[in-house]
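Asks: For reference, the structure I am asking about is given below.
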Amino acid sequence: MKKSPKIALIGNPNAGKSSLFNSLTGLRQKTGNFPGVTMDKLIGKWNLETGTEAEILDLPGIYSIYPKSVDEQVVINILANPQHPDYPDMAIVVADASNLKRNLLLFSQVRDLGIPTVLALNMIDVAENSGIVINSFKLAKELNVEVAEVNAKKGIGLNGLRLAVNKTLEQRFNSNDSLPVEYSPELIDEIKEKYGDTDDYHALLWLSEHDNLKQFNTEQRVGFDKLQEKYGWNSKKFQAQETVSRYAVLNEIVDGCLHQIPVEDEPVKTWTDRLDKVFLHQFWGYFVFLGILFVMFQAVFTWAAYPQDLIDNGVAWLNQYLKDTLPESQLVNLLTDGLIAGIGGVVVFVPQIVFLFLFISLLEETGYMSRVMFIMDKLMRRFGLNGKSVVPLISGVACAVPAIMSTRSIGSWKDRLITIMVTPLMSCSARLPIYTVLIALVVPEKSTLFGIFSLQGVALFGLYLLGFGMAILSAWILKVVLKAKERSYFIMELPSYKGPRFKHIMISLLNSTKAFVFEAGKIIVAISIVLWVMASYGPGNAMQEAEQKVKTENPTLTGADLENKIAAQKLESSYAGHFGKVLEPAIKPLGYDWKIGIALLTSFAAREVFVGTMSTIYSLGGEVDDENTTVMNRMRAEINPETGKPMYDAALGFSLMIFYAFAMQCMSTLATTYRETKSWRYPAIQLVYMTTLAYLSAFIVYQLLK
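Reading the sequence shown from the start, the letters are residues 96 to 801 in my numbering.
Below you can see the structure in the form of C-alpha cells.
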C-alpha cells in the first residue's frame, strides 16, 4: 500500500467544508486534539485509488491566513510550519461558487505557500440558480491548479475531485515565482539566513504573524521585531496592500471565467427571501424560535418514551436473569448491582439524547441556526455578550465542553470570558437524564396543557428556558463587575435554506451519541465500581451488626421483606452510608437525605452519573419485587421515614431539578475553562458562584413547596 497522503480541507466559514468532509469520509472519522491545543480536530479516511487511502483533516473555517481569532490561529500554526505534525501534503480549498471572488483570496494565499492545492467549487447549483455560470476549465488554466465542481451535500462530483487530487499529488504544484505584492529581497534573505531556508511567502508570513506562531520562541520573536524596525516594516499595512493586490488580480481572472446570465428586472422571490420575512422578523422571529424549541422538547419526551421503556425493561430483565442464573457471589453482585445498574441507568436515556442531537443537527443543516444567531444578537448585546456568544450558548444545550472551546471565535477577551463563565448554565444533554427521571416522578404523565401539550414536556422546556435566562442574567452581572464598556458587533453571512442531507445528519448523530455514551460510560463504570465497593463494605463489623440489628428488631419478619430490610440497613451502615450521613446536615434544608448526598457528590465527575448512582444505591438498598425493578420505580416507591409519605414529592423533585439546572457539576467543564483561560482563578469562581446559586435556589424552591 502506498503512503497515505495527508490532505487538509481549507475554506471560508459556510463554504461547505464539513459537508464535503462527511461525503468523502462517511463513517470513517475520528476526533482528536491538535497538538498542544485543546481544540477538536476531525480526521477521516478517503479512498483515492486501489491501495491508496488519504487522511483527510477538516480545519476550522478561516477567511485569510492572517488570523483574527484563536481557531484561525490554529490553522495558521499548521500552514506556517512545515515541521508541524498536521502539515498537509496537499490542500483542498473549498470555495462557495456563488461568491467566488471572496473565496479565492484564501485559495491564492494557500497556493502561494507552496502547498499543492486543488480548488473545489462547491454549491454549483446555488450559483446556477443565481444565474452564475463558471468556466472551470478556463479558471483552472488561469490559476494553474486543478479545479473540480462538486455538490458536497448531494455527494456529486466526488470522482472528479478524486481525479484532480491524484493528478495534483503526482505533479506536485510549485508556488508562483512572483507574489502580487512588493517586498524587500534583502529582508527575505535575512529571514531565511536567521530562521531557515523557506519560500518567500512563508518568510513574509513569519514576519507578519510571528507573535501568533508557536514554532518561534521569545528570543526569535524579539529578532523578528528588530527586523521589522530595521526595515520599517508595518504588518497591518502589508496585509492591507497584499489583500488589495490579490483582489485586483483575482477580479480580472474571475471576470474572464464567470458569466452572469441576465435576470428579470424584478428579482424572483426565493424561498430564502420568503422564509426570512418570518424567521428574521423582529417579533415573529422570536415567537417562531420559541415555538420550535417547545415542539423539540415535547418530541424529546414523547417520541423517546417507547424505546426508553424497551431499554429500561430490558436492563431490568437482564439484571434479574443474571441474578437468577449465576451462583450467588460478590462478583455477581458487582456485575448486576454495580456495573449493569450504573450503566443501564444512563443507557436508558440514549433515545432522548439521540432526539436532542437530531433536532440540533436539523436546525444546523437547514440553515436556520444561523438565523437564530442573527435574531438573538440584539438581545445578547444588552447583557454584555458578543453576538458570537449565541453560538456557544446554543452549543451548550448539547455539551458545555465544545461550547466553551467555540468561544475562540470571539475577538474581545472580556466578551469571551463572560461567555465562558455563563455557558455551563445552559442545560446540557448530561442533565437530560436527571430531568427526565425527576419530571416523571413529580409531574403526572397524562396531564396536559390545553388538552394538547404534555405537562412533562412543558416542564422540560421550562428548565431549558430557566437555564438560558439565568445565563444572560449572570452575563449582565459579570458585565457590571468587569466594567466591560466596549460594544459588541456580530457580522455573519446568512446561508440560503437547504434541505437536510440525512446521511450527514446520521453521521453527525452517530458520532455525537457515540461520544456521549463512551465518554460517560468510562466515568460511570469507574464510579459504579467504587460506589459498589463503598456501599457493600463498612468499617469493622458494621455490616454484620446491621444484619443482626434488623433480625433482633423484627423477629417476625421473614423472606423477601426481611432481606430488603437487611439490605437497607447494611447500605446505611456501609462506607457510602457513613459518607452520606456526614453530608446530610448540609443538604437537609434542601429536603435531601444521605442517599441523594452520595449522588450529588458522585455527580461532580459528570452530571449524568446521578442516575447511575441512584440506580446502584437503590439496587443495593431498595425493595425489590416484580413491580420495582427499575430505578424510576424504586425512587417512586421510596418513603420519607419522617413523614411516611413518598420521598420524591413535588417539593423535593423541583428542588433537585433547580439544583442540577444551576450547579457546576462537571469536572470536564472546569478543566476546559482552565485550559481556555490559562488560570485556575476562573474555574474556581465558576464553581463557587454556580454552586452557591444552585444551593440557594433549591433551598427557596423546597421551602416554598414543602
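C-beta: ideal position from N, C-alpha, C; glycine also.
So, for Leu-800: in the same chain, excluding its five sequence neighbours on each side, which residues have a beta-carbon less than 7 Å away from its beta-carbon?
Replies: Excluding sequence neighbours, Leu-800 sits near Ala-745, Ala-746 and Phe-749.
Asks: Can you tell me which residues form a DSSP beta bridge with Thr-212?
Replies: Ala-186, per the DSSP bridge assignment.
Asks: Give the secondary structure of Asn-239 by DSSP, where H, G and I count as helix, E and B as strand, and everything else as coil.
Replies: Coil, per DSSP.
Asks: Using only CA atoms, which one of Val-410, Ser-591 and Pro-280 lies nearest to Leu-370?
Replies: Per the Cα distances, Ser-591.
Asks: Which word fits Glu-771, buried or exposed, when buried means at least 16 other C-beta atoms lie within 10 angstroms of its C-beta?
Replies: Buried is the call here.
Asks: Are Ala-235 and Val-245 close, meaning C-beta to C-beta below 8 Å?
Replies: Not a contact, by the Cβ cut-off of 8 Å.
Asks: Is the beta carbon of Phe-757 less than 8 Å from the beta carbon of Met-785?
Replies: The answer is yes: Cβ separation under 8 Å.
Asks: Name the DSSP bridge partner or partners of Pro-634?
Replies: Its beta-bridge partners do not exist; DSSP assigns none.
Asks: According to DSSP, what are the bridge partners of Val-228?
Replies: Looking at the DSSP assignment, Val-228 forms a beta bridge with His-354.
Asks: Please give me, in chain order, every unbroken run of the beta strand (DSSP E) with length at least 3 that falls completely inside the segment 457–541.
Replies: The segment 457–541 contains no whole beta strand (DSSP E) run of 3 or more residues.
Asks: Using C-beta distances below 7 Å, list every residue in its chain close to Phe-333, excluding the 5 sequence neighbours before and after it, in chain order.
Replies: Cβ within range, chain order: Ser-303.
Asks: Return the chain-ordered list of same chain residues with a C-beta closer than 6 Å to the C-beta of Tyr-381, the five sequence neighbours on each side being excluded.
Replies: Taken in chain order, the list of residues that qualify is empty.
Asks: How should Ser-424 be labelled, buried or exposed, when 16 other C-beta atoms within 10 angstroms of its C-beta is the threshold for buried?
Replies: Its Cβ having fewer than 16 others within 10 Å, Ser-424 is exposed.
Asks: With three or more beta-carbon pairs closer than 8 Å as the criterion, would you say the segment 191–203 touches the segment 343–356?
Replies: Because the criterion of three Cβ pairs below 8 Å is met, the segment 191–203 and the segment 343–356 touch.
Asks: Does the distance from the CB of Gly-156 to the CB of Gly-106 come in under 8 Å?
Replies: Yes, these two residues count as a Cβ contact at 8 Å.
Asks: What ranges does the alpha helix (DSSP H) occupy inside the segment 378–411, keeping only unbroken runs of at least 4 residues that lie completely in it?
Replies: Qualifying alpha helix (DSSP H) stretches, in chain order: 379–398.
Asks: DSSP three-state label for Lys-773, please.
Replies: Note: Lys-773 maps to coil in three-state DSSP.
Asks: Just to confirm, is the Cβ distance from Ser-883 to Leu-253 under 8 Å?
Replies: Since the first residue of the chain shown is 96 and the last is 801, residue 883 is not available in this structure.
Asks: From Leu-299 to Phe-384, what does the alpha carbon distance come to, in whole angstroms?
Replies: Computed Cα separation, rounded: 47 Å.
Asks: Give me the Cβ distance between Ala-630 and Ser-603, rounded to the nearest whole Å; I'm assuming they're in contact under 8 Å.
Replies: So it is not a contact: roughly 39 Å between Cβ atoms.
Asks: Just to check my reading of the structure: Ile-102 and Ile-151 have Cβ atoms closer than 8 Å, yes? What is that Cβ distance to the nearest angstrom?
Replies: Correct: roughly 5 Å between the Cβ atoms.
Asks: Would you check if there are 3 or more beta carbon pairs closer than 8 Å linking the segment 405–423 to the segment 462–477?
Replies: The segment 405–423 is not in contact with the segment 462–477.
Asks: Using alpha carbons as the reference points, say which of Ser-225, Leu-214 and Leu-256 lies closest to Glu-144.
Replies: Among Ser-225, Leu-214 and Leu-256, the Cα nearest to that of Glu-144 is on Leu-256.
Asks: Could you work out which residue in Glu-640, Leu-536, Leu-652 and Thr-708 is closest to Asn-621 when comparing CA atoms only?
Replies: The displayed chain sequence assigns Ala, not Asn, to residue 621. Of the candidates Glu-640, Leu-536, Leu-652 and Thr-708, the one whose C-alpha sits nearest the C-alpha of Ala-621 is Thr-708.
Asks: In angstroms with no decimal places, state the Cα-to-Cα distance between Arg-702 and Tyr-632.
Replies: Taking the straight line joining both Cα atoms gives about 25 Å.
Asks: Since Leu-154 and Val-165 are thought to touch, with beta carbons under 8 Å apart, how far apart are those beta carbons, to the nearest angstrom?
Replies: Between Val-165 and Leu-154 the Cβ distance is about 14 Å, and since that is not below 8 Å, they are no contact.
Asks: Using alpha carbons as the reference points, say which of Trp-508, Ile-515, Ile-691 and Met-565 lies closest to Ala-498.
Replies: Of Trp-508, Ile-515, Ile-691 and Met-565, the residue nearest in Cα terms is Ile-515.
Asks: Where does Phe-699 sit, in a helix, a strand or coil, going by DSSP?
Replies: Phe-699: coil per DSSP, three-state reduction.
Asks: Ordered along the chain, which non-local residues of its own chain (more than five positions away) have a Cβ less than 6 Å from that of Ser-340?
Replies: Pro-275 and Val-276.
Asks: Quick one: what's Asn-246 bridged to in DSSP?
Replies: Per DSSP, Ile-251.
Asks: Please report the distance separating the alpha-carbon of Leu-480 from that of Asp-510.
Replies: If you take the alpha carbons of Leu-480 and Asp-510, they lie about 6 Å apart.
Asks: To the nearest angstrom, how far is it from the Cα of Glu-148 to the Cα of Glu-265?
Replies: Roughly 15 Å between the two C-alpha positions.
Asks: Could you check what DSSP says for Leu-274 in three-state terms: helix, strand or coil?
Replies: Leu-274: coil per DSSP, three-state reduction.
Asks: Kindly indicate the opening and closing residues of the alpha helix (DSSP H) around Ala-681.
Replies: Unbroken alpha helix (DSSP H) run through Ala-681: 670–682.
Asks: Would you tell me roughly how many angstroms separate the C-alpha atoms of Val-390 and Gly-351, rounded to the nearest one?
Replies: C-alpha separation (whole angstroms): 50 Å.
Asks: Comparing C-alpha positions only, which one of Lys-233, Ile-567, Met-752 and Glu-648 sits nearest to Leu-488?
Replies: Of the listed residues, the one whose Cα sits closest to Leu-488 is Ile-567.
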